[in-house]
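Single-structure report; data block below.
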Amino acid sequence: MPLVDSHCHLQDSAFDADRGELLSRALEALDWLVVIGDDLPTSRAAVDLTQPGVYASVGIHPYHAATVDAPALQDLRELARSPHVVAIGEIGLDYFKHNDTPRDVQQSAFQQQLELAASLELPVVIHNRESEEDLAAIVDAHHARLPGGVMHCFAGSTAFVERALSWGFYISFAGNVTFPKAEELRAAARAVPLERLLIETDAPYLAPQAVRGKRCEPAFVRYTAEHLAELKGVALETLCASTAENAARLFSVSF
Ligand SMILES: [Zn+2]
Ligand SMILES: [Zn+2]
Numbered sequence: 003m004p005l006v007d008s009h010c011h012l013q014d015s016a017f018d019a020d021r022g023e024l025l026s027r028a029l030e031a032l033d034w035l036v037v038i039g040d041d042l043p044t045s046r047a048a049v050d051l052t053q054p055g056v057y058a059s060v061g062i063h064p065y066h067a068a069t070v071d072a073p074a075l076q077d078l079r080e081l082a083r084s085p086h087v088v089a090i091g092e093i094g095l096d097y098f099k100h101n102d103t104p105r106d107v108q109q110s111a112f113q114q115q116l117e118l119a120a121s122l123e124l125p126v127v128i129h130n131r132e133s134e135e136d137l138a139a140i141v142d143a144h145h146a147r148l149p150g151g152v153m154h155c156f157a158g159s160t161a162f163v164e165r166a167l168s169w170g171f172y173i174s175f176a177g178n179v180t181f182p183k184a185e186e187l188r189a190a191a192r193a194v195p196l197e198r199l200l201i202e203t204d205a206p207y208l209a210p211q212a213v214r215g216k217r218c219e220p221a222f223v224r225y226t227a228e229h230l231a232e233l234k235g236v237a238l239e240t241l242c243a244s245t246a247e248n249a250a251r252l253f254s255v256s257f
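The letter at position 206 of the sequence shown is residue 208 when you use the working numbering, and the numbering goes up by one with no holes.
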């Protein structure tokens with residue numbers, strides 16, 4: 003059964019003690035996965051982890067938006083030339099109270115990286131937290147020049163699902179869609195057609211309900227697949243095959 007983790011952070015220090023073992027376990031359970039950067043060092047580390055079955059995405063997260071300047075963009079551009087880099091991200095906006103980077107700084111970093119992705123003809127991996135309106139306004143102005151995108155770890159309304167679908171984007175759900183209180187997320191997942199759905203772990207964060215509280219790892223994407231298959235009333239195999247095909251289409255991965 004094909005199974006893909008479209009978004010994880012294997013370079014995170016949470017995996018320092020056993021990254022090799024974890025990666026073998028992940029590649030036994032999955033066909034392939036994408037390691038996502040959130041600043042320059044983690045983007046470099048993601049590229050360093052690439053091997054058969056392991057792809058990378060490079061970008062600067064809104065938490066680190068203040069580090070986006072001309073040299074950083076040039077470094078990203080060079081990293082993106084590595085053969086296993088499949089996307090720019092994660093990039094986006096995060097207006098949650100823990101992020102003290104000013105909104106205008108985040109918006110500028112986001113726009114510059116969308117332009118970088120357009121010029122490299124790479125899809126984008128977008129992070130959004132409590133920033134739907136501003137994020138939509140920015141993506142509205144850029145999506146036509148992008149080869150595609152995904153709203154990762156979706157955390158928005160059903161209306162926002164419609165907006166992202168109108169851009170031709172994919173919508174990705176992480177383990178938090180399996181939490182008992184996640185009714186709003188489940189409503190959003192019901193609104194995503196199977197051919198636009200992706201699954202991810204966002205490991206080491208957000209372990210699904212069945213393993214909640216544990217360090218999340220790529221193989222756990224299966225629990226999210228099981229939950230979404232039931233939610234959408236399709237066989238687990240169908241859900242896994244569709245999400246794997248969608249990820250392959252978005253990231254131009256052949257497997
Ligand atoms: Zn994110
Ligand atoms: Zn992430």
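Yeah, the Cβ is synthetic: ideal placement off N, Cα and C, and Gly gets one too.
Using 8 Å as the threshold, is the stretch 191–211 in touch with the stretch 163–176, meaning 3 or more CB pairs across them? The answer is yes - the stretch 163–176 touches the stretch 191–211, with three or more Cβ pairs under 8 Å.
Does the Cβ-Cβ distance between residue 123 and residue 162 come in under 9 Å? Numbered from 1 along the sequence shown, position 121 holds the residue referred to as residue 123. Numbered from 1 along the sequence shown, position 160 holds the residue referred to as residue 162. Going by C-beta atoms, residue 123 is not nearer than 9 Å to residue 162.
Thinking C-beta only, is residue 125 closer than 9 Å to residue 261? Not covered by the structure: residue 261. The range shown for the chain is 3 to 257.
For residue 76, which three-state DSSP category applies? Here residue 76 refers to the residue found at position 74 of the sequence shown. Under the three-state reduction of DSSP output, residue 76 falls in the helix class.
How would you label residue 3, buried or exposed, when you count the other beta carbons within 10 angstroms and need 16 or more for buried? In the sequence shown, counting from the first residue as 1, residue 3 sits at position 1. So residue 3 ends up on the exposed side.
Kindly provide the chain-ordered list of residues whose Cβ lies closer than 7 Å to any non-hydrogen atom of ligand 1. Around ligand 1, the residues selected by a Cβ distance under 7 Å to any of its heavy atoms are 63, 92, 129, 154, 155, 204, following chain order.
Straight-line gap, residue 71 to residue 207 (C-alpha atoms, nearest Å): Taking the first residue of the sequence shown as 1, we reach residue 71 at position 69. Taking the first residue of the sequence shown as 1, we reach residue 207 at position 205. Rounded to the nearest angstrom, the two C-alpha atoms are 28 Å apart.
Three-state class that DSSP yields for residue 172 in the structure shown: Translated into the one-based positions of the sequence shown, residue 172 becomes position 170. Residue 172 carries a strand assignment under DSSP once its states are collapsed to helix, strand and coil.
Could you check where the beta strand (DSSP E) with residue 130 kicks off and where it finishes? Start at 1 with the first residue of the sequence shown, and residue 130 comes out as number 128. Looking at the DSSP string, the run of the beta strand (DSSP E) that includes residue 130 is 126–131.
Using only the heavy atoms of ligand 2, determine whether one of them is closer than 8 Å to the beta carbon of residue 145. Residue 145 sits at position 143 when you count from the first residue of the sequence shown. Incorrect: residue 145 has no Cβ contact closer than 8 Å to ligand 2.
Along the alpha helix (DSSP H) that carries residue 22, what are the first and last residues, could you check? Counting from one through the sequence shown, the residue named residue 22 turns up at place 20. That run of the alpha helix (DSSP H) goes 21–31.
Which stretch, first to last residue, makes up the alpha helix (DSSP H) that contains residue 242? One-based indexing of the sequence shown puts residue 242 at position 240. Annotation for residue 242: the continuous alpha helix (DSSP H) segment containing it runs 238–253.
Curious, which full-length beta strand (DSSP E) runs of at least 3 residues does the stretch 44–98 contain? With a minimum length of 3 residues, the continuous beta strand (DSSP E) runs that stay inside the stretch 44–98 are 56–60, 87–96.
For the beta strand (DSSP E) that residue 199 lies in, which residues bound it at each end? Stepping through the sequence shown from its first residue, residue 199 is reached at position 197. It spans 199–201 - the beta strand (DSSP E) in which residue 199 sits, taken as one unbroken run.
Measuring straight from C-alpha to C-alpha, what distance separates residue 156 and residue 186? Residue numbering aside, residue 156 sits at position 154 when the sequence shown is read from its first letter. Residue numbering aside, residue 186 sits at position 184 when the sequence shown is read from its first letter. C-alpha separation (whole angstroms): 11 Å.
State the DSSP-derived secondary structure class of residue 136, mapped to helix, strand or coil. Counting from one through the sequence shown, the residue named residue 136 turns up at place 134. Helix.
Report all residues from its chain with a CB closer than 7 Å to the CB of residue 2; omit the five preceding and five following residues, and keep chain order. Outside the shown range of the chain (3 to 257) lies residue 2, about which nothing can therefore be said.
Which residue or residues does DSSP assign as beta-bridge partners of residue 153? For the purposes of this step, residue 153 is taken as residue 151 along the sequence shown, with counting starting at 1. The partner list for residue 153 (beta bridge, DSSP) reads 128, 173.
For ligand 2, is there any heavy atom lying closer than 8 Å to the beta carbon of residue 66? Counting from 1 along the sequence shown, the entry for residue 66 is found at position 64. In this structure, the C-beta of residue 66 stays at least 8 Å away from each heavy atom of ligand 2.
Buried versus exposed, by CB contacts within 10 Å (16 or more), residue 19: By one-based count along the sequence shown, residue 19 stands at place 17. When all chains shown are included, residue 19 counts as exposed.
Using a Cβ distance threshold of 8 Å, determine whether the stretch 82–92 contacts the stretch 235–255, with at least three qualifying pairs required. The stretch 235–255 and the stretch 82–92 touch, with three or more beta-carbon pairs separated by less than 8 Å.
If you follow the alpha helix (DSSP H) that residue 121 is part of, which residue opens it and which one closes it? One-based indexing of the sequence shown puts residue 121 at position 119. Per DSSP, residue 121 belongs to the alpha helix (DSSP H) from 105–122.
Between which two residues does the alpha helix (DSSP H) holding residue 229 run? Counting from 1 along the sequence shown, the entry for residue 229 is found at position 227. That run of the alpha helix (DSSP H) goes 223–234.
Reduced DSSP secondary structure (H/G/I, E/B, other) of residue 179: Here residue 179 is taken as the residue at index 177 of the sequence shown, counted from 1. Judged by DSSP in its simplified three-state form, residue 179 adopts helix.
Quick check on DSSP: helix, strand or coil for residue 141? Start at 1 with the first residue of the sequence shown, and residue 141 comes out as number 139. Residue state, collapsed to three classes: helix.
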